[in-house]
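Residue numbers (my numbering): 476 to 831. Read the structure below first, then the notes.
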């Protein structure tokens, strides 16, 4: 058969058949889409893991209507001392917000990730001082640490802007605390990792509300909520938390900025009070059975210092206009304090008097 006859035979055998090979353009589109998926999916996962995707805080994804829904608790609430229906899931599960234990620290000169305006919780004990940046506590809420030989728990609830430092030594020994994932009156409930029943502790009530240690209290320690620049200027030898926490978080991002920019709450609280704006920053002080709130709004350039008596105890509160922060500079033994927003403090302490 000649070459011409072979070509004719091939043409005849393929006549009427559809070419099933993909066109070049279709192959190219498919390849591009496939390559894009290989790049985009891992990138989105990485961004989500590192807190770079979107601007929501850990609690904001738990929405149902105006407030967040309740869920079944992983803890035993059989002896709970507060209304069980008012305990709510904050969104993340138990330890979904990972508390830090024995964290790495660095000296002030090495803390180049902080600006002078960054807010910090400051603790000074003995010859040591340490700063705990809010930009880190936003993602961890509890730091189990030791300062000047003293086991302490530095706690911060972003929803209440509440700061308190507790002695981790108790009659049952040294304790370590974790984030339960539950809230009461929009405030973090800590759980006791060293307790078989994992007792639940309310930060702002400073009391175990469920578990083996129900109604027990922790010892409150002196605390300041100020700026890094102010703290460093008064404690130049201070140490500070390292951003190398062992967790992949974007500590440069403030996940609660939009929350603080509005008067609305994410979770319901009871009772409420309109004596002050809900998100007014206050210093909450207790002496004996008396509780008093010192609103930041009553202080000014002209009124920087307040001397007061509470249940027979003397204390002095000072205001720094440069940092817009309050601190207790003098206090008799038995006077304790925390920082909070008004709505959450009042919900926990409705007997509170407001200093005017």
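For each residue, glycine too, the CB sits at the ideal point set by N, CA and C. Since we're looking at a predicted model, the values are computed, not measured.
By the Cβ neighbour-count rule, residue 650 is buried, with 16 or more other Cβ atoms within 10 Å of its own. If you ignore the 5 residues before and after residue 807, its C-beta comes within less than 8 Å of the C-beta of 762, 788, 789, 790, all in its own chain and listed in chain order. By DSSP's assignment, residue 596 forms a beta bridge with 607, 700. Counting only residues of its own chain and dropping the five nearest sequence neighbours on each side, residue 831 has a CB closer than 8 Å to the CB of 773. The C-beta distance from residue 562 to residue 659 rounds to 5 Å, short enough to fall under 8 Å. Each residue's CA atom was taken as its position, placing residue 799 and residue 816 some 14 Å apart.
Rounded to the nearest angstrom, the Cβ distance from residue 653 to residue 666 is 5 Å, consistent with a contact under 8 Å. With a 10 Å radius around the Cβ and a threshold of 16 neighbouring Cβ atoms, residue 671 comes out exposed. Around the beta carbon of residue 719, fewer than 16 other beta carbons lie within 10 angstroms, which makes this residue exposed. Look at residue 784 here: in three-state DSSP terms it is strand.
The shortest CA-to-CA distance from residue 685 to any of 823, 820, 826, 557 is the one to 557. Rounded to the nearest angstrom, the Cβ distance from residue 596 to residue 612 is 7 Å, consistent with a contact under 8 Å.
Excluding sequence positions up to five before and after residue 779, its CB lies within less than 8 Å of the CB of 793, 794, 795, 796, all in the same chain and listed in chain order. By the criterion of a C-beta distance shorter than 6 Å, residue 682 is surrounded in its chain by 692, once the five residues flanking it on both sides are discounted.
Using a Cβ-Cβ distance cut-off of 8 Å, the stretch 580 to 593 and the stretch 707 to 722 are in contact, since at least three pairs of beta carbons, one from each stretch, lie closer than that value. When the Cα atoms are used, residue 724 and residue 616 turn out to be separated by approximately 13 Å.
Note on geometry: alpha-carbon atoms of residue 701 and residue 593 lie some 8 Å from one another. 646 is the residue among 646, 824, 618 whose C-alpha sits nearest the C-alpha of residue 688.
In the DSSP assignment, residue 823 falls outside any beta strand (DSSP E) and lies within the alpha helix (DSSP H) extending over 817 to 823. Counted as a single uninterrupted DSSP element, the beta strand (DSSP E) harbouring residue 652 occupies residues 652 to 659. In the three-state DSSP reduction, residue 614 falls in the coil class, being neither helix nor strand.
Residue 748 holds the alpha-carbon nearest to the alpha-carbon of residue 826 among 784, 771, 748. In summary, residue 630 is buried, with 16 or more beta-carbon neighbours lying within 10 Å of its beta-carbon over all protein chains present. In the structure shown, residue 584 falls within a helical segment according to DSSP collapsed to helix, strand and coil.
Between residue 577 and residue 639 the beta-carbon gap is near 20 Å, outside 8 Å, which marks them as no contact. Residue burial annotation: residue 759 is buried, with at least 16 other C-beta atoms found within 10 angstroms of its C-beta. DSSP places residue 674 in the coil class of the three-state scheme, outside both helix and strand. A straight line joining the alpha-carbon of residue 623 with that of residue 696 spans about 13 Å. Assignment of residue 559 by DSSP, reduced to helix, strand and coil, places it in the helix class.
Where residue 641 is concerned, the enclosing beta strand (DSSP E) starts and stops at 637 to 642. CA-CA distance, residue 633 to residue 625, rounds to 25 Å. Judged by beta-carbon spacing, residue 823 lies beyond the 9 Å limit of residue 698, meaning their Cβ atoms are not closer than that value.
Residue 802 is bridged by DSSP to 793. Ranking 587, 717, 737, 621 by CA distance to the CA of residue 601 puts 621 first.
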